[in-house]
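So the sequence shown is numbered by UniProt numbering: it starts at 1 and just counts up by one.
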Amino acid sequence: MRRDSFVKEVKIGIKKILYKHFDLYKDKYLGIHLQGGLCNKLHGLMSACDIAVQENCRLIEPYFGWNEKILFSDIYDLEYFNSQMHDSTGVKDMIISRVDYDSANLKKKSIENVVPLWEHSEKELNRQRQLCLIERDHMKLKVLRALRLNDYLAKMVDSYTNGSTYSAVQVRTESDWKKYTKDFNGLNNERIYVPVEDIIEMVRNFETDGSIFFTSGENQEEIKKQFEDSGLETNYFYNSKWEYEVNAAINFEICSRANKFIGLSRSSYSNMICLKRAAILNKDRSFIYNFGNKIQKRKDMGIQYKGELSITNKTLLV
Numbered sequence: 001m002r003r004d005s006f007v008k009e010v011k012i013g014i015k016k017i018l019y020k021h022f023d024l025y026k027d028k029y030l031g032i033h034l035q036g037g038l039c040n041k042l043h044g045l046m047s048a049c050d051i052a053v054q055e056n057c058r059l060i061e062p063y064f065g066w067n068e069k070i071l072f073s074d075i076y077d078l079e080y081f082n083s084q085m086h087d088s089t090g091v092k093d094m095i096i097s098r099v100d101y102d103s104a105n106l107k108k109k110s111i112e113n114v115v116p117l118w119e120h121s122e123k124e125l126n127r128q129r130q131l132c133l134i135e136r137d138h139m140k141l142k143v144l145r146a147l148r149l150n151d152y153l154a155k156m157v158d159s160y161t162n163g164s165t166y167s168a169v170q171v172r173t174e175s176d177w178k179k180y181t182k183d184f185n186g187l188n189n190e191r192i193y194v195p196v197e198d199i200i201e202m203v204r205n206f207e208t209d210g211s212i213f214f215t216s217g218e219n220q221e222e223i224k225k226q227f228e229d230s231g232l233e234t235n236y237f238y239n240s241k242w243e244y245e246v247n248a249a250i251n252f253e254i255c256s257r258a259n260k261f262i263g264l265s266r267s268s269y270s271n272m273i274c275l276k277r278a279a280i281l282n283k284d285r286s287f288i289y290n291f292g293n294k295i296q297k298r299k300d301m302g303i304q305y306k307g308e309l310s311i312t313n314k315t316l317l318v
């Protein structure tokens, strides 16, 4: 096993060298492996699309899913995505479906990606954080505009959001988050993990619009009861029969369309929702609850992860 692992690492190292000096990806079908939760995977996809445009290649439909493998097209409308990406980048069929890829027997024309997608994404994010700006034609916005839920899921979201006035709250108290933040829960006035009861108290003291929708990855009924015990009626969406990231994508769209959205700056999920709201949907009423023990308006369009910077560093769309 050790030898196999060593050989694999050597091959990857050689490919990285070749990538730097030769057109390794040109006219190839690029296999990508997306990691993390839904929005971290989307950041990876944005990086992969950037690479595909630069290197003149196409992407093999990637897998999503937290507990089990599902395809991009199990969540999003692949045909619409390719149409929008063609309009914005000139690349025809940015992503080839797994069905078409397998049926055409294109394995000999494919290559596995060796460029660290997260590092590529972070490099761009850090630049934008420092400059406090986002380019209108940046790849992340092109991808966000092209992401539309497939017809079945889109109808579900439309039935909930059409004609509704509501405020949405991300309750980021899942067990994995609590464990992740155990040793570091912020400095000064910032809190990375905020208990449900504290979030509810802040929401009670905040002027929400319409009804309240909350999103959380677990314990939804328990959270709903806690809201109700505090005098706040809430709704949520979660179908336990569906893959976790299908639920996450539906909740993402519902939160994006809300009159007001309240989340936390340390969550890539909250941040991408804020980005879509500000840069694409022209909704600037997004807030955080993880700084100063109160709900405060964001000015950063979702690109800053530190609480204080998210409410002070005004970001421009240029």
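Backbone N, C-alpha and C fix where the C-beta goes; we use that ideal spot for every residue, glycine too.
* What span of residues does the beta strand (DSSP E) with threonine 208 cover, start to end? -> The residue given as residue 208 occupies position 208 in the sequence shown. Premise fails: threonine 208 is in no beta strand (DSSP E) and is neither H nor E.
* Asked: Between lysine 178 and aspartate 300, what straight-line distance do the alpha-carbon atoms span, to the nearest angstrom?
  -> As a working mapping, residue 178 is identified with position 178 in the sequence shown. As a working mapping, residue 300 is identified with position 300 in the sequence shown. Roughly 25 Å separates the two Cα atoms.
* Inter-residue spacing [alpha-carbon to alpha-carbon] between histidine 86 and isoleucine 32 -> Residue numbering aside, residue 86 sits at position 86 when the sequence shown is read from its first letter. Residue numbering aside, residue 32 sits at position 32 when the sequence shown is read from its first letter. When rounded, the distance between both Cα atoms is 20 Å.
* **Residue burial classification, proline 62 (beta-carbon count within 10 angstroms, cutoff 16)** => Position 62 of the sequence shown holds residue 62. Per the 10 Å Cβ criterion, buried.
* Candidates Arg98, Lys69, Gln128: closest to glutamate 243 by CA position -> What you label residue 243 is simply residue 243 of the sequence shown in a count that begins at 1. The option with the nearest alpha carbon to glutamate 243 is Lys69.
* **Closest residue to arginine 204 among Leu232, Thr173, Glu190 (Cα-Cα distance)** => Locating residue 204 in the sequence shown gives position 204, counting from the first residue. The shortest Cα separation from arginine 204 among Leu232, Thr173, Glu190 belongs to Leu232.
* Asked: Does the region 34-54 touch the region 259-271, meaning 3 or more C-beta pairs lie closer than 8 Å?
  -> yes
* Are the beta-carbon atoms belonging to isoleucine 288 and leucine 264 less than 8 Å from one another? -> Locating residue 288 in the sequence shown gives position 288, where the first residue counts as 1. Locating residue 264 in the sequence shown gives position 264, where the first residue counts as 1. A contact, by the Cβ cut-off of 8 Å.
* Asked: Between which two residues does the beta strand (DSSP E) containing phenylalanine 287 stretch?
  -> The sequence position of residue 287 within the sequence shown is 287, counting from 1. Looking at the DSSP string, the run of the beta strand (DSSP E) that includes phenylalanine 287 is 286-291.
* Asked: Are the region 206-218 and the region 234-252 in contact at 8 Å, needing three or more beta carbon pairs?
  -> yes
* Could you please give me the residues that DSSP links to threonine 234 through a beta bridge? => As a working note, residue 234 is residue 234 in the sequence shown. Looking at the DSSP assignment, threonine 234 forms a beta bridge with Ile212.
* Within 10 angstroms of the Cβ of valine 246, are there 16 or more other Cβ atoms? Answer buried if so, exposed if not. => Numbered from its first residue, the sequence shown carries residue 246 at position 246. Buried, by the Cβ-count rule.
* Exposure of asparagine 290, with buried meaning 16 or more beta-carbon neighbours within 10 Å -> Position 290 of the sequence shown holds residue 290. Under this definition asparagine 290 is a buried residue.
* Where glutamate 197 sits in the DSSP three-state scheme -> For the purposes of this step, residue 197 is identified with residue 197 of the sequence shown, where counting begins at 1. Note: glutamate 197 maps to helix in three-state DSSP.
* Cβ shell of arginine 298 (< 7 Å), same chain only, five flanking positions each side left out -> The residue given as residue 298 occupies position 298 in the sequence shown. Answer for arginine 298: Cys274, Ser286, Phe287, Ile288, Ser310, Ile311, listed in chain order.
* **Between the CA atoms of lysine 123 and proline 116 - distance to the nearest angstrom** => Residue 116 sits at position 116 when you count from the first residue of the sequence shown. Residue 123 sits at position 123 when you count from the first residue of the sequence shown. Spanning the two alpha carbons is a distance of roughly 11 Å.
* Expressed to the nearest angstrom, what Euclidean distance is found between the alpha-carbon atoms of asparagine 259 and aspartate 50? -> Sequence index remark: in the sequence shown, residue 259 carries index 259 (1-based). Sequence index remark: in the sequence shown, residue 50 carries index 50 (1-based). Their Cα atoms are separated by approximately 32 Å.
* Between the beta-carbon of isoleucine 250 and the beta-carbon of methionine 156, is there less than 8 Å? -> For the purposes of this step, residue 250 is identified with residue 250 of the sequence shown, where counting begins at 1. For the purposes of this step, residue 156 is identified with residue 156 of the sequence shown, where counting begins at 1. Yes, they are a contact pair.
* Asked: Within 10 angstroms of its Cβ, does histidine 21 collect 16 or more other Cβ (buried), or is it exposed?
  -> In the sequence shown, residue 21 corresponds to position 21, counting from 1. Low per-residue confidence applies at histidine 21: pLDDT is 47, beneath 50, and the placement is therefore not dependable enough to give any value.
* To do: Kindly list the residues whose CB is nearer than 8 Å to the CB of lysine 26, restricted to its own chain and excluding five residues on each side of it in sequence; keep chain order.
  => In the sequence shown, counting from the first residue as 1, residue 26 sits at position 26. Correct list, in chain order: Glu55, Asn56, Cys57.
* Asked: Under a Cβ-count criterion, where at least 16 other Cβ atoms within 10 Å of its own Cβ denotes burial, should threonine 173 be classed as buried or exposed?
  -> Start at 1 with the first residue of the sequence shown, and residue 173 comes out as number 173. Counting Cβ neighbours within 10 Å, threonine 173 comes out buried, since at least 16 surround it.
* **For glutamate 190 and glutamate 308, believed in contact at Cβ under 8 Å, the rounded distance** => To locate residue 308, count along the sequence shown from 1; it is residue 308. To locate residue 190, count along the sequence shown from 1; it is residue 190. Between glutamate 190 and glutamate 308 the Cβ distance is about 7 Å, and since that is below 8 Å, they are a contact.
* In chain order, what residues of the same chain have a beta carbon less than 6 Å from the beta carbon of glycine 186, not counting five sequence neighbours either side? -> Translated into the one-based positions of the sequence shown, residue 186 becomes position 186. Contacts found: Ile192.
* Would you say tyrosine 154 and methionine 94 are within 8 Å of each other, going by their C-beta atoms? -> As a position in the sequence shown, residue 154 is number 154, starting the count at 1. As a position in the sequence shown, residue 94 is number 94, starting the count at 1. Note that residue 154 is alanine in the sequence shown, not tyrosine. Contact flag unset, no.
* **Every unbroken beta strand (DSSP E) within the region 12-94, with a cutoff of 3 residues, ordered by chain** => 29-31, 58-60
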